[in-house]
Amino acid sequence: MRPVKFASLIPLAFAAPLLGQTPPRGPGPKFDDALALAQAAISACRAKGDHVAALVVDADNVPVVLFADDASVVLAQQFAPRKTALVLRYKAPSAATAEKAKTDAALAAEIKADPKIGFALPGAYPLTAGGEQVGALAVSGGSSPAADDACAQAAVTKASVHKR
């Protein structure tokens, strides 16, 4: 076996950090827009006495902002990414997809089989900028899925989204 010369290992010392770098965040809403959306959703729910989590994700379902009201439950934070994954996959509000899945057995099975989704619940909306879907907003943990949906819809209706 031939010994490896130390000089031949020097390029590897410089290459390793470069290989470990992760790419920048994908296309998605600007941070300030995501912040405003999450705050608007939580405020809408608080006005109704609900304590929720609000999640804004980019087009790859990577979180941009996650807020959980002080009195929200942990499950709210765990369900929100499933709702955004549903929106991003089917490019429609989660309530519409959940309603369709009630009568479409193939769709229901597809949703159930997806480990990132698992079930369809109202409470999430697509975020678009310039006609392109750039992310999603989900609200979770309210007194009902319909309450989550109302808060998310109020936030999406109120705020504007700009692509990052």
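The numbering of the sequence shown is the working numbering, which starts it at 1290 and goes up by one.
C-beta atoms are modelled at their ideal positions from N, C-alpha and C, and glycine is treated no differently.
Please classify residue i as buried or exposed, where buried requires at least 16 neighbouring CB atoms within 10 angstroms.
{"i": "D1393", "result": "exposed"}
{"i": "P1313", "result": "exposed"}
{"i": "G1412", "result": "buried"}
{"i": "G1431", "result": "buried"}
{"i": "Q1442", "result": "buried"}
{"i": "A1398", "result": "exposed"}
{"i": "D1347", "result": "buried"}
{"i": "D1349", "result": "exposed"}
{"i": "D1437", "result": "buried"}
With respect to the alpha helix (DSSP H) encompassing residue i, which residues constitute its N-terminal and C-terminal limits?
{"i": "T1255", "result": "Residue 1255 cannot be examined here, being either before or after the span of the chain that is shown, 1290 to 1453."}
{"i": "Q1328", "result": "1320-1336"}
{"i": "L1426", "result": "Here L1426 belongs to no alpha helix (DSSP H); instead the beta strand (DSSP E) covers 1421-1429."}
{"i": "L1396", "result": "1394-1402"}
For residue i, which residues from the same chain have a beta carbon less than 8 angstroms from its beta carbon, with the 5 sequence-adjacent residues on both sides left out?
{"i": "G1407", "result": "R1371, I1400, K1401"}
{"i": "L1326", "result": "P1318, A1343, V1345, V1354, L1416, L1426, A1444, V1445, A1448, V1450"}
Quick one: what's got a C-beta closer than 6 angstroms to residue i's C-beta in the same chain, skipping five residues either side?
{"i": "F1368", "result": "S1429"}
{"i": "L1355", "result": "L1344"}
{"i": "Q1366", "result": "A1342, A1357"}
Taking a contact to mean a Cβ-Cβ separation below 9 angstroms, would you say residue i touches residue j in this structure?
{"i": "A1427", "j": "V1376", "result": "yes"}
{"i": "A1387", "j": "P1318", "result": "no"}
{"i": "V1445", "j": "V1423", "result": "no"}
{"i": "D1405", "j": "P1316", "result": "A quick correction: the sequence has Lys, not Asp, at residue 1405. Contact: no."}
{"i": "L1364", "j": "S1383", "result": "no"}
Can you list, in chain order, the residues of its chain with a C-beta nearer than 7 angstroms to that of residue i? Leave out the 5 residues immediately preceding and following it.
{"i": "S1361", "result": "H1340, V1341, A1342, G1430"}
{"i": "K1389", "result": "L1396"}
Please report the residue range of the beta strand (DSSP E) in which residue i lies.
{"i": "T1311", "result": "Taken as a continuous stretch (DSSP letters only), T1311 belongs to no beta strand (DSSP E), as it is neither H nor E."}
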